[in-house]
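*Asks:* Be aware that the sequence shown starts at 556, since it is given in the numbering used here, and climbs by one per residue.
One structure coming up, written as structure tokens, with questions to follow.
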Amino acid sequence: MRLYAGHDLNHLGQVENIVAKVDSQKPLQRVFTRREDKKGSPFSFFVGIAILLLCTPSRGQDSLQLFHRMQNALGGADKVAAIHDFEDVVRADAWHDDGRPMGVVRKRVRFIRPAYLRIDQVGREDAYVLYFDGTAGWEILPNGTVADLAGDELKFAQNYVWHLNLNVWLADRNPQCRITAPAPYVLVVTDKNDPSLKEKLTLDAKTFLPTNSGSLSNWQAFAGVKFPQQISSFHNGTKVAAITVERTKINHGLKLADLSVKPPDRRPVMPLP
556 MRLYAGHDLN
566 HLGQVENIVA
576 KVDSQKPLQR
586 VFTRREDKKG
596 SPFSFFVGIA
606 ILLLCTPSRG
616 QDSLQLFHRM
626 QNALGGADKV
636 AAIHDFEDVV
646 RADAWHDDGR
656 PMGVVRKRVR
666 FIRPAYLRID
676 QVGREDAYVL
686 YFDGTAGWEI
696 LPNGTVADLA
706 GDELKFAQNY
716 VWHLNLNVWL
726 ADRNPQCRIT
736 APAPYVLVVT
746 DKNDPSLKEK
756 LTLDAKTFLP
766 TNSGSLSNWQ
776 AFAGVKFPQQ
786 ISSFHNGTKV
796 AAITVERTKI
806 NHGLKLADLS
816 VKPPDRRPVM
826 PLP
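What follows is the structure, encoded as structure tokens:
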């Protein structure tokens with residue numbers, strides 16, 4: 556399995572699509588109720604309309620206002636934008652869709668704006684290394700083969716960067732993104748050029764944090780920006796990973812050379828637990 560973005564486990568990205576299965580020898584093949592008036596009185600009708608108008612942010616301006624409330628809850632858009640480099644290490648207990656355990660997976664994600672990405676993952680069923688510079692990159696497969704990113708592999712890396720929290724949380728500053736609010740406390744960010752790139756954010760009604768109905772929890776601030784430290788990951792409605800963030804570093808001077816260097820032994824480079 557490959558923990559996908561989004562924080563993913565990254566608590567970086569799309570939690571519903573956080574897990575993908577791969578052949579261990581091949582590149583990745585990449586998820587009010589209200590009391591009714593029996594007579595249907597005009598009063599109940601207008602009350603219902605008023606509630607609908609108050610609770611449903613249907614217009615673009617309402618969507619943007621809700622998005623800004625989320626940004627403020629996270630710490631503020633400017634603080635998110637001030638994050639130049641990011642690193643986190645997560646540990647996940649993972650399962651197949653049928654409930655069979657996959658063991659423990661550890662993943663290290665390093666990111667430098669605008670789109671430099673390095674992933675090192677170790678797990679019983681899928682260990683790999685990936686580097687992407689926003690245009691091209693390479694991958695070390697579980698069998699030690701080094702391959703240039705192409706086809707589905709390249710698409711995976713592109714999607715991973717798109718879904719990163721640090722990018723989704725600044726979607727209002729990206730002219731290629733469309734923000735809608737199809738339901739109360741629900742935001743959807745979509746790429747205007749590729750509708751398949753989509754991120755759904757379900758906000759907590761009290762805190763306005765994008766908790767995704769409890770899938771993201773235990774929020775802690777780093778450099779003034781809140782990140783979830785516990786993530787429950789689902790695939791087609793089945794829980795496939797319980798993720799704990801072990802370490803988060805913000806703006807600690809990551810260099811491009813740190814991300815692009817291939818490990819001499821062709822194995823993932825992981826910090827000590």
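We treat Cβ as the ideally placed atom computed from N, Cα and C, and that holds for glycine.
(1) What residue range does the beta strand (DSSP E) around W693 cover?
(2) Report the start-end ranges of each beta strand (DSSP E) in the stretch 654 to 688 that is 3 residues or longer and not cut off at the edges.
(3) Count the other C-beta atoms from every protein chain shown that fall within 10 angstroms of the C-beta of S788, then say buried if there are 16 or more, exposed otherwise.
(4) How about K662: is its Cβ closer than 8 Å to a heavy atom in the ligand HEM?
(5) With a 10 Å radius around its C-beta and 16 neighbouring C-beta atoms as the bar for buried, classify T690 as buried or exposed.
(6) For the putative contact between I734 and V744, defined by C-beta atoms under 8 Å, what is the C-beta separation to the nearest angstrom?
(7) For the pair the stretch 712 to 722 and the stretch 669 to 681, tell me if three or more CB-CB distances fall below 8 Å.
(8) Going by the DSSP bridge assignment, what does P783 pair with across the sheet?
(9) Measuring alpha carbon to alpha carbon, tell me which residue in I805, V644, W650, M657 is nearest R663.
(10) Between which two residues does the alpha helix (DSSP H) containing F711 stretch?
(11) On the criterion of 16 or more Cβ atoms from any shown chain inside 10 Å, does Q784 qualify as buried, or is it exposed?
(12) Which word fits A796, buried or exposed, when buried means at least 16 other C-beta atoms lie within 10 angstroms of its C-beta?
(13) Do T757 and V741 have their CB atoms nearer than 9 Å?
(14) Quick one, which of Q731, D727, R728, K755 has its alpha-carbon nearest P737's?
(15) Could you round the C-beta distance between D727 and F622 to whole angstroms and report it? I think they count as a contact, below 8 Å.
(16) Who are the near neighbours of F763 in its chain, counting only those whose CB is closer than 6 Å to its CB and skipping five residues on each side?
(17) Assess, as a yes-or-no matter, whether the stretch 648 to 656 is touched by the stretch 628 to 638 under the definition of 3 or more beta carbon pairs within less than 8 Å.
(18) If you compare alpha carbons, which of G630, D617, V677, Q620 is closest to L827?
(19) May I ask you to report which of helix, strand or coil DSSP gives R821?
(20) What does DSSP give as the partner residue(s) for D703 in the beta ladder?
(21) Are the CB atoms of A702 and I695 within a distance shorter than 9 Å?
(22) Select from D749, T700, R646, G692 the residue whose C-alpha is nearest the C-alpha of D820.
(23) Taking 9 Å as the cut-off, decide whether the C-beta atoms of P739 and A712 are in contact.
(24) For L771, which option in I805, T799, T803 has the closest C-alpha, if you only look at C-alpha atoms?
(25) Kindly list the residues whose CB is nearer than 6 Å to the CB of F666, restricted to its own chain and excluding five residues on each side of it in sequence; keep chain order.
(26) Can you look up L725 in the DSSP assignment and give me helix, strand or coil?
(27) Would you mind working out which of D707, R646, F687 sits nearest A528, comparing C-alpha positions?
*Replies:* A quick look at the data gives this:
(1) 692 to 695
(2) 656 to 667, 671 to 678, 683 to 687
(3) If you draw a 10 Å sphere on the C-beta of S788, you find 16 or more other C-beta atoms in it, and that means buried.
(4) What this structure holds is no ligand at all, so the ligand HEM is not there to describe.
(5) exposed
(6) Indeed they touch by this definition, with Cβ atoms about 6 Å apart.
(7) Here the stretch 712 to 722 lies against the stretch 669 to 681, with 3 or more beta-carbon pairs under 8 Å apart.
(8) Paired residue(s): W774.
(9) Ranked by how close their Cα comes to the Cα of R663, the residues I805, V644, W650, M657 have V644 in first place.
(10) 707 to 718
(11) The residue in question, Q784, is buried, as its Cβ has 16 or more Cβ neighbours within 10 Å.
(12) buried
(13) yes
(14) K755
(15) Yes, D727 and F622 are in contact; Cβ-Cβ is about 6 Å, under 8 Å.
(16) Within the same chain, R624, M625, A628 come within 6 Å of F763 by CB-CB distance, once the 5 residues on both sides are set aside.
(17) no
(18) V677
(19) coil
(20) W693
(21) yes
(22) For D820, the nearest C-alpha among the options comes from T700.
(23) no
(24) T799
(25) F641, L672
(26) coil
(27) As shown, the chain starts at 556 and ends at 828. That puts residue 528 outside it, with no answer to give.
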